[in-house]
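A.B. asks: One structure, pasted below without further comment.
2 protein chains.
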Amino acid sequence: MAALVPFSLLRNYSPFMLARPFIVKGCNLNFSKSVLPLPCRRLPFSARATHDEQAAAKAAAATADSGAPTIFDKIINKEIPSSIVYEDEKVLAFRDINPQAPVHVLVIPKVRDGLTELAKAEARHGEILGQLLYAARIVAEKEGILDGFRVVLNSGPSACQSVYHLHLHVLGGRQMNWPPG
Amino acid sequence: MAALVPFSLLRNYSPFMLARPFIVKGCNLNFSKSVLPLPCRRLPFSARATHDEQAAAKAAAATADSGAPTIFDKIINKEIPSSIVYEDEKVLAFRDINPQAPVHVLVIPKVRDGLTELAKAEARHGEILGQLLYAARIVAEKEGILDGFRVVLNSGPSACQSVYHLHLHVLGGRQMNWPPG
Numbered sequence: 029m030a031a032l033v034p035f036s037l038l039r040n041y042s043p044f045m046l047a048r049p050f051i052v053k054g055c056n057l058n059f060s061k062s063v064l065p066l067p068c069r070r071l072p073f074s075a076r077a078t079h080d081e082q083a084a085a086k087a088a089a090a091t092a093d094s095g096a097p098t099i100f101d102k103i104i105n106k107e108i109p110s111s112i113v114y115e116d117e118k119v120l121a122f123r124d125i126n127p128q129a130p131v132h133v134l135v136i137p138k139v140r141d142g143l144t145e146l147a148k149a150e151a152r153h154g155e156i157l158g159q160l161l162y163a164a165r166i167v168a169e170k171e172g173i174l175d176g177f178r179v180v181l182n183s184g185p186s187a188c189q190s191v192y193h194l195h196l197h198v199l200g201g202r203q204m205n206w207p208p209g
Numbered sequence: 029m030a031a032l033v034p035f036s037l038l039r040n041y042s043p044f045m046l047a048r049p050f051i052v053k054g055c056n057l058n059f060s061k062s063v064l065p066l067p068c069r070r071l072p073f074s075a076r077a078t079h080d081e082q083a084a085a086k087a088a089a090a091t092a093d094s095g096a097p098t099i100f101d102k103i104i105n106k107e108i109p110s111s112i113v114y115e116d117e118k119v120l121a122f123r124d125i126n127p128q129a130p131v132h133v134l135v136i137p138k139v140r141d142g143l144t145e146l147a148k149a150e151a152r153h154g155e156i157l158g159q160l161l162y163a164a165r166i167v168a169e170k171e172g173i174l175d176g177f178r179v180v181l182n183s184g185p186s187a188c189q190s191v192y193h194l195h196l197h198v199l200g201g202r203q204m205n206w207p208p209g
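The listed protein sequences derive, respectively, from chains A and B. The numbers in the numbering used here rise by one with no breaks, and the one at position 157 of the first sequence is 185. The numbers in the numbering used here rise by one with no breaks, and the one at position 44 of the second sequence is 72.
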């Protein structure tokens, strides 16, 4: 079963990482010092996040078409705790445990129904796709970011998709940059 | 009417910019030289794009709730030429003239119907929202990037929305980074 759980998610749910969410590998940070050494003050945080996500995405892609359950199934079934922001009959929205903005929520269909990724969508999925996008708007309202938020959907490894259960990212609470990754 | 056309789009559609799509303001580029000076080789292209988009987004937000036509109406009505990738009864998809990836296509509803931005979506918009996301998948297939693509939807100025007619960005053809802007 462990092989089915993407590395990034295992990392995300590690108590070690939860206790030290801002650690940057390869950079000997010591936050008790008042002044960080220059190379650490100019942290390549985005680059590090990018490479972690790219590696996770490549690993996840290897089992993308297996139809195997993902970590989202455990979240839907409440086997793994999550911070739920919104839920209805078809959709679940919960906080990303590795947030890239002050607000970062994932919106997923409760039943995957073949939607491992957007690339696998068929015309019959139109209804749930619309419900997911509308749920993203509900999440933005609940989180108080209706005045500015970005929705991102990654399909495939080159887009950094790391869980093969279609999901939208809802990000806000800061100025988003362009290009979008 | 000019006041209703976002700055970024005017810039995008300027024949001057079309002739020199990769010019970077503030950096005296001369592509006839075989070796660029170091400060220009390390171009702050992303930062420049970000600031342009942020400025354009702020300017566009000023008339967001006016209900006035946008440049997309001119594209839908074929008053402004565009490179159309996909079209059906409800949806139009055309290339972004300021692409942020080898493939960068915008997907819009042909009738705005109050959808200036996702923040304005109501439950009744679910159907068109689903059609737009499914059209993004069709675009990815037509563009040969079904193995990896990112869909981005910006709502509001802090997300860099620069045209107040809801639209999805479909990006691919390169490794996308994380975070997504």
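Positions of the beta carbon are idealized from the N, C-alpha and C atoms, including for glycine.
1) Please list the terminal residues of the continuous beta strand (DSSP E) segment that includes Leu134 (chain B).
2) What residues from chain A crowd round Phe122 (chain B), counting only those whose CB sits closer than 8 Å?
3) Kindly indicate the opening and closing residues of the beta strand (DSSP E) around Leu199 (chain B).
4) In angstroms with no decimal places, state the Cα-to-Cα distance between Ala129 (chain A) and Ile112 (chain A).
5) Cβ of Pro97 (chain A) within 8 Å of Cβ of Lys118 (chain A)?
6) Strictly under 8 Å for the Cβ-Cβ distance: is His193 (chain B) near chain A by that measure?
7) Alpha carbon to alpha carbon, how far is Cys188 (chain B) from Ser110 (chain B)? Give it in angstroms, no decimals.
8) Mind checking whether Pro185 (chain A) and Val180 (chain B) have CB atoms under 8 Å apart?
9) So, do the region 93-107 of chain B and the region 159-174 of chain B have three or more beta carbon pairs nearer to each other than 8 Å?
10) Rounded C-beta distance between Val198 (chain A) and Val133 (chain A)? I'm assuming under 8 Å.
11) Classify Phe73 (chain A) as buried or exposed, calling it buried when 16 or more other Cβ atoms lie within 10 Å of its own Cβ.
12) For Arg140 (chain A), would you say it is in contact with chain B, using Cβ-to-Cβ distances shorter than 8 Å as the test?
13) What residue range is occupied by the uninterrupted beta strand (DSSP E) comprising Tyr114 (chain A)?
14) When you compare only the Cα positions, how much space is there between Asp116 (chain B) and Asp124 (chain B)?
15) In the region 97-117 of chain A, which residues sit with their C-beta less than 7 Å from some C-beta in chain B, listed in chain order?
16) Can you list the residues of chain B that Gly209 (chain A) reaches, using a CB-CB cut of under 8 Å?
17) Please state if the CB of Ser183 (chain A) and the CB of Glu145 (chain A) are separated by a distance shorter than 8 Å.
18) Give the single residue among A:Trp206, A:Ala85 and A:Leu194 whose Cα lies nearest to the Cα of Leu120 (chain A).
19) DSSP three-state call for Gln189 (chain A): helix, strand or coil?
20) Taking Leu120 (chain A) as part of the beta strand (DSSP E), name the residues at either end of that continuous run.
21) Using 8 Å as the limit for Cβ to Cβ distance, is Leu146 (chain A) near chain B?
22) Tell me the rounded alpha-carbon separation between Ala149 (chain B) and Lys86 (chain B).
23) Is there a Cβ of chain A sitting closer than 8 Å to that of Gly158 (chain B), yes or no?
24) Under 8 Å between C-beta atoms, does Ser94 (chain A) make it to chain B?
25) Answer with yes or no whether the minimum CB distance from Pro137 (chain A) to chain B is below 8 Å.
26) If you reduce the DSSP assignment to three classes, tell me which class Leu237 (chain B) lands in.
27) Over what stretch of residues does the alpha helix (DSSP H) that includes Lys102 (chain B) continue unbroken?
28) Is it buried or exposed for Asn105 (chain A), if we count other Cβ within 10 angstroms and need 16 for buried?
29) Taking only beta-carbon positions, decide if Gly172 (chain A) is within less than 8 Å of chain B.
30) Taking only beta-carbon positions, decide if Thr78 (chain B) is within less than 8 Å of chain A.
31) Determine the chain A residues that contact Ala168 (chain B) at a beta-carbon separation under 8 Å, and present them in chain order.
32) Starting from Ala151 (chain B), find everything on chain A with Cβ-Cβ shorter than 7 Å and list it in chain order.
33) At the 8 Å Cβ level, is Ala90 (chain B) part of the contact set with chain A, yes or no?
C.D. replies: In brief:
1) DSSP places Leu134 (chain B) inside the beta strand (DSSP E), whose first and last residues are Val131 to Pro137.
2) What Phe122 (chain B) touches in chain A: nothing, since even the nearest Cβ is about 18 Å away.
3) Note, Leu199 (chain B): beta strand (DSSP E), Leu196 to Gly200.
4) So the alpha carbons of these two residues sit roughly 17 Å apart.
5) Cβ atoms of Pro97 (chain A) and Lys118 (chain A): not closer than 8 Å.
6) No, no contact with chain A.
7) A straight line joining the alpha-carbon of Ser110 (chain B) with that of Cys188 (chain B) spans about 22 Å.
8) No; because the gap between Cβ atoms is not below 8 Å, this pair is not in contact.
9) No: the two stretches stay apart, fewer than three of their Cβ pairs being nearer than 8 Å.
10) About 5 Å separates the beta carbon of Val198 (chain A) from that of Val133 (chain A), a gap short enough to meet the 8 Å contact definition.
11) Note that Phe73 (chain A) scores a pLDDT of 43, beneath 50, so its modelled location is shaky and nothing firm can be said.
12) By this cut-off, Arg140 (chain A) is not an interface position.
13) Ile112 to Glu115 is the extent of the beta strand (DSSP E) around Tyr114 (chain A).
14) Distance between the alpha carbons of Asp116 (chain B) and Asp124 (chain B): 18 Å.
15) Cβ contacts with chain B come from no residue of the region 97-117 of chain A.
16) Arg178, Met204, Asn205, Trp206, Pro207, Pro208 and Gly209, listed in chain order.
17) Cβ distance < 8 Å, so Glu145 (chain A) and Ser183 (chain A) count as in contact.
18) Closest in alpha carbon position to Leu120 (chain A), among A:Trp206, A:Ala85 and A:Leu194, is A:Leu194.
19) The three-state secondary structure of Gln189 (chain A), taken from DSSP, is coil.
20) Note, Leu120 (chain A): beta strand (DSSP E), Val119 to Arg123.
21) True, the Cβ-Cβ gap to chain B drops below 8 Å.
22) Distance between the alpha carbons of Ala149 (chain B) and Lys86 (chain B): 21 Å.
23) Yes, Gly158 (chain B) counts as interfacial toward chain A.
24) Chain B contact via Cβ: absent.
25) Interface criterion not met: the Cβ of Pro137 (chain A) is under 8 Å from no Cβ in chain B.
26) The structure shown does not extend to residue 237 (chain B), since chain B is modelled only from 29 through 209, so no value can be given for it.
27) Residues Ile99 to Ile104.
28) It is exposed - the Cβ of Asn105 (chain A) has fewer than 16 other Cβ atoms within 10 Å.
29) Not an interface residue.
30) By this cut-off, Thr78 (chain B) is an interface position.
31) Going along chain A in sequence order, the residues near Ala168 (chain B) (Cβ under 8 Å) are Leu146, Ala147 and Ser183.
32) Tyr162, listed in chain order.
33) For Ala90 (chain B), the answer is no, since every Cβ of chain A falls outside 8 Å of its Cβ.
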